[in-house]
Each structure stands twice: as C-alpha cells, then as structure tokens.
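Visitor: Protein chains in written order, with my numbering: chain B, 76 to 275; chain S, 76 to 275.
The structure's right below; bear with me while I get my questions together.
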DNA sequence: CGCTAACGTGACCGGATGGTCAACTTGCTA
DNA sequence: TAGCAAGTTGACCATCCGGTCACGTTAGCG
C-alpha cells in the first residue's frame, strides 16, 4: 500500500528481535497478562523501547502471532510433496503440535484475530492445509466429510487437552493426537451430527 | 472439619446466589480478568458485599468451579444405569459439553486447581467417569487402551476446538465430539504412541 | 415492638499496568 | 570524523483492580 519502510538501524533491528523473543517467552510463561515492563527487562531494554517498535501491546502480540502462523505454513508446505498423503497430514499435525507444546499462543491468537495482517496470513495457512487435506481425502486415508477448516481447528486440540493435567509428561499430547487422528480415518466412521463450518 | 457454619440470613443467602450467577456470567463474557466491581454491579450489590461472602476473588472462582464440577458429576451419575454403555458415555460427553458451551470455565478451573474442595470433588467426578468408561470398555464399544483420565481430559476438547472459529454455530461442537468419539471406538484404531497418564 | 448481631455500603488504599515524552546516546553517512 | 537523524531511556501519568473498614441498615428473635 504505502512505500517500503525505512531499513532499521542495526541496534534497532537487534533490539526488535530480542523483544520478540523475550515477549514470546514471557507470554508463554505468564499468559497474556505478562507485563510490558517484564518483557522489556527480559530483553534487556527499557520499557520505552518496546513502544517504539510496537505502538501498543496488541501490536506486539500480533507480530508474534504472525511469526508463528508463518512457521505453521512452512511446516505445511514442507509436506506438500510427500509421498504418502496420510502420513503427510499426520506429520503436519505432529510438527504443528510440537511447535505449540512449549509456548501456547492460542490466547494471543484470539486477541489479534481482528488484525488485518494476521487474518491474511491465517487464510494462507488455511489454503496450505487445504492442499494437504484434499490429497489425503482423495487418497482415501481420511473420511470424505472432513474439510481443511476442520483440520485447522483441530491443530491445537491435542496440546490443549493435556493442559488440564498439571505435571503431565511433555509429549502426552501425542496420545491425543493419535486419538483425534483416528477419528479422522474412514474406518468405522459414524456420520457427523453437524456439517463442516464455512471458512471466512 | 470444623463445626457446621451458621445459617445465612435470608437476604445474605439471596445475595450469595445473585453473586454466583453474576460472577458466572461475567467470567464467561470477560474471562478471568472480569473485575470484582463489575460482578458486584451485575449482581446489584456493592463491592464490599462480594468480599463478605468470598474472602478473595480466588475463593469466588473456586465456589463457581465446585458448583460446575458437581453438575458434571450429576450428569455422569444419570448415565450410570443406562442400558447401552456406549450410548451412555456419548450421552455424558454430550451433556457435559452442552453445559460448557455458553460458559467456558476451563480457565477458572486451572486457577482453583490447588483448592482442596475442588480437588476432592474433581476426584469424585473422575471416579464416576471411570464407572462409565469401564462399562463401555467391557462392552467393547470403546478401545481397550482408553482410561477414565483420557475421557476426563477430553470432556472440554470439542468446545475448545470451536472457540477458535469466531461466529461458529452454537452447536458446532457436536461435530468435533463426533470426530473425537469416533477416535475412541475400537474399529480401525491404531496403536497410541504414548501410555495413558496417571491420575493424581 | 425493640434490640442486636449479621449484613450491606462505598469511600479509600497500595500497587501494578499500559502508554507518553523530553532529554540523552549512538549508528551511520557524507 | 563531524553532525544529525534514528534510537534509547526512565521518570512520569492516568487508570484500574483487589482488598479493607468504619459506619449505616435490616432481618429476625424474644
């Protein structure tokens, strides 16, 4: 839309990265209520610097969310040309959940749901998931009534399930991913009571 | 432990109920950060009254959580003697999710996880779920490697899945409960990558 | 009734938080 | 290397929140 943004000064670029990393950790540990002051301290800068890079706390969150959705998109594309469509979809869900394990950013996502950039990159992720799902469906390894939106919504389910059990093993989510993925298989599938939701 | 608590005065009892209801709504709408002042306003009382009934905000949350876990226990027991063990388990999960649909209290639960009363009534719920799960497993309608703890953890999964899609139909969660329940069925089940978690 | 213990009230407090800004420092270019 | 724009700083502000408390109000018993 507007012209390209001016290149950041070297120290500013480094501080921006430090801030994003620090904010990610802080949000993962303390939740959305992590304070900007703590984030700044963790990054080794003053509070004012945070607001130079991100006008509001919400925009900082949006930046983190954007980065993570982009990472999921990359994971999806890495499976794009895999030989086995079923294994590709499972591998995507596994890698996505694994990435989410340590830093649950779901709460952050819902906050920046209104952000235009986030919405756009999220649509892109949806498209890449659709490619995986279509191939799997065509190959008959998942049931016919499963859509990309279904898979999109189910990405974080295994990780969330485990969160309700304090002190659970780190990789317990794999168990529930197994259960859910079995639910996507055509063998012994019962008709679903509701149609798949529309995207957008 | 201590002797029975003094009976509440009539107006106090009514205000307590009003407060619990108002707090439930407020927490459901605004999340854990709903302010005590707003809750008091919604209940039509002054802020001081809130703290007369519940020493801290955490105790107010614990009271709500206790009420809701008790409701889930009642739902489980209602299916205790049902004819079809598979239908009984599905019916429990459906009723439990339905109860959770409008007011998601998962965040509240994790806050009051340390509360002794909450822990006790939660163990009770686990026991009642175990009865349902054992019957279903014995009947061969769910796979042999599913435990009561699995089901306990999966209760809120369908509702949570839908939360990531703003503007979704009210009963979309039924679709994902269908998928997950299919994942619990023995037909076409693949071995799970991790053992069931221990309870306690 | 009338009395009192239980209850309700809302002003108030200490602390924390997101955000601002004028003064200062530093990377970069010419 | 000099000069300046870009970047950094931390004190400061307005606001909000959980929790307290001295005082006014009321239910319910005798």
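Where a beta carbon is used, it is the ideal one built from N, C-alpha and C, also for glycine.
Residues in its own chain within less than 6 Å of residue 84(S) by CB, not counting five upstream and five downstream?
Guide: Excluding positions up to five away in sequence, the list is empty.
Visitor: Hey, residue 179(S) and residue 96(S): beta-carbon distance below 8 Å or not?
Guide: In this structure, residue 96(S) does not lie closer than 8 Å to residue 179(S) by Cβ.
Visitor: So within the stretch 93-181 of chain S, which uninterrupted alpha helix (DSSP H) runs reach at least 4 residues, ignoring any that extend past its ends?
Guide: Listed in chain order, the complete alpha helix (DSSP H) runs (minimum 4 residues) inside the stretch 93-181 of chain S are 111-118, 122-128, 132-153 and 160-176.
Visitor: Could you give the uninterrupted runs of the alpha helix (DSSP H) lying entirely in the stretch 182-224 of chain B, keeping only those of 4 residues or more?
Guide: DSSP runs (the alpha helix (DSSP H)) wholly in the stretch 182-224 of chain B: 191-213.
Visitor: Please name the residues in the stretch 250-263 of chain B whose beta-carbon is closer than 9 Å to at least one beta-carbon of chain S, in chain order.
Guide: Residues 250, 251, 252, 253, 254, 255, 256, 257, 258, 259, 260, 261, 262 and 263.
Visitor: To which residues of the same chain is residue 90(S) closer than 8 Å at the C-beta, ignoring the five residues directly before and after it?
Guide: Counting only Cβ-Cβ distances below 8 Å, and skipping sequence neighbours, we find 118, 120, 124 and 128.
Visitor: Closer than 8 Å by C-beta to residue 146(S): which residues in its own chain qualify, once you throw out the five before and the five after it? Chain order, please.
Guide: Here the set comprises 174.
Visitor: Counting only beta-carbon atoms, is residue 226(B) nearer than 8 Å to chain S?
Guide: Residue 226(B) does not count as touching chain S.
Visitor: Check for me: the alpha helix (DSSP H) holding residue 254(B) runs from which residue to which?
Guide: Per DSSP, residue 254(B) belongs to the alpha helix (DSSP H) from 248-259.
Visitor: Let me know the secondary structure DSSP gives residue 85(S) once reduced to three states.
Guide: Three-state DSSP puts residue 85(S) in a helix.
Visitor: CA-CA distance, residue 196(B) and residue 136(B)?
Guide: Spanning the two alpha carbons is a distance of roughly 15 Å.
Visitor: Can you list, in chain order, the residues of its chain whose CB lies under 7 Å from that of residue 246(B), leaving out five sequence neighbours each side?
Guide: Excluding residues within five positions, none has a Cβ falling inside 7 Å.
Visitor: For the alpha helix (DSSP H) holding residue 268(S), just list the boundary residues, first then last.
Guide: Counting along the chain, residue 268(S) falls outside any alpha helix (DSSP H), and DSSP gives it neither H nor E.
Visitor: Indicate whether the contact test is met: 3 or more Cβ pairs, each with one atom in the stretch 212-231 of chain B and one in the stretch 155-174 of chain B, closer than 8 Å.
Guide: Contact between the stretch 212-231 of chain B and the stretch 155-174 of chain B is present, because at least three Cβ pairs lie under 8 Å.
Visitor: Hey, does residue 268(B) have any beta-carbon neighbour from chain S nearer than 8 Å?
Guide: Residue 268(B) counts as touching chain S.
Visitor: Quick one: what does DSSP say residue 239(S) is sitting in, helix, strand or coil?
Guide: In this structure, residue 239(S) counts as coil in the three-state DSSP scheme.
Visitor: DSSP three-state call for residue 233(B): helix, strand or coil?
Guide: The answer is helix: DSSP assigns residue 233(B) an H, G or I state.
Visitor: Report all residues from its chain with a CB closer than 6 Å to the CB of residue 205(B); omit the five preceding and five following residues, and keep chain order.
Guide: Only 223 meet the Cβ criterion.
Visitor: If you count every other CB in all the chains shown that lies within 10 Å of the CB of residue 187(S), and 16 or more means buried, which is it?
Guide: Buried is the call here.
Visitor: In whole angstroms, what is the alpha-carbon distance linking residue 202(S) and residue 148(S)?
Guide: Those two C-alpha atoms are separated by around 9 Å.
Visitor: With 16 as the cutoff for other CB atoms within 10 Å, does residue 189(S) come out buried or exposed?
Guide: Label assigned to residue 189(S): exposed.
Visitor: Given that residue 193(S) touches chain B, what residues does it touch there, using C-beta distances under 9 Å?
Guide: Neighbours of residue 193(S) on chain B: none; closest Cβ ~13 Å, over 9 Å.
Visitor: Let me know if residue 274(S) comes out buried or exposed under the rule of 16 or more other beta-carbons within 10 Å of its beta-carbon.
Guide: Under this definition residue 274(S) is an exposed residue.
Visitor: Using 10 angstroms around the beta-carbon of residue 155(S), count the other beta-carbons present and answer buried if the total reaches 16, otherwise exposed.
Guide: That one is exposed.
Visitor: Could one say the Cβ of residue 164(S) lies closer than 8 Å to chain B's Cβ atoms, at least one of them?
Guide: Judged by the 8 Å Cβ criterion, residue 164(S) is not in contact with chain B.
Visitor: Please classify residue 105(S) as buried or exposed, where buried requires at least 16 neighbouring CB atoms within 10 angstroms.
Guide: Exposed is the call here.
Visitor: Whose CA, out of 226(S), 252(S), 221(S) and 241(S), lies closest to the CA of residue 234(S)?
Guide: Considering only alpha carbons, the answer is 252(S).
Visitor: Any idea if residue 242(S) is buried or exposed, counting beta-carbon neighbours within 10 angstroms, 16 or more meaning buried?
Guide: With fewer than 16 Cβ atoms within 10 Å of its Cβ, residue 242(S) is classed as exposed.
Visitor: Does any CB atom of chain S fall closer than 8 Å to the CB of residue 201(B)?
Guide: For residue 201(B), the answer is no, since every Cβ of chain S falls outside 8 Å of its Cβ.
Visitor: Taking Cβ positions only, does residue 272(B) come closer than 8 Å to chain S?
Guide: Judged by the 8 Å Cβ criterion, residue 272(B) is in contact with chain S.
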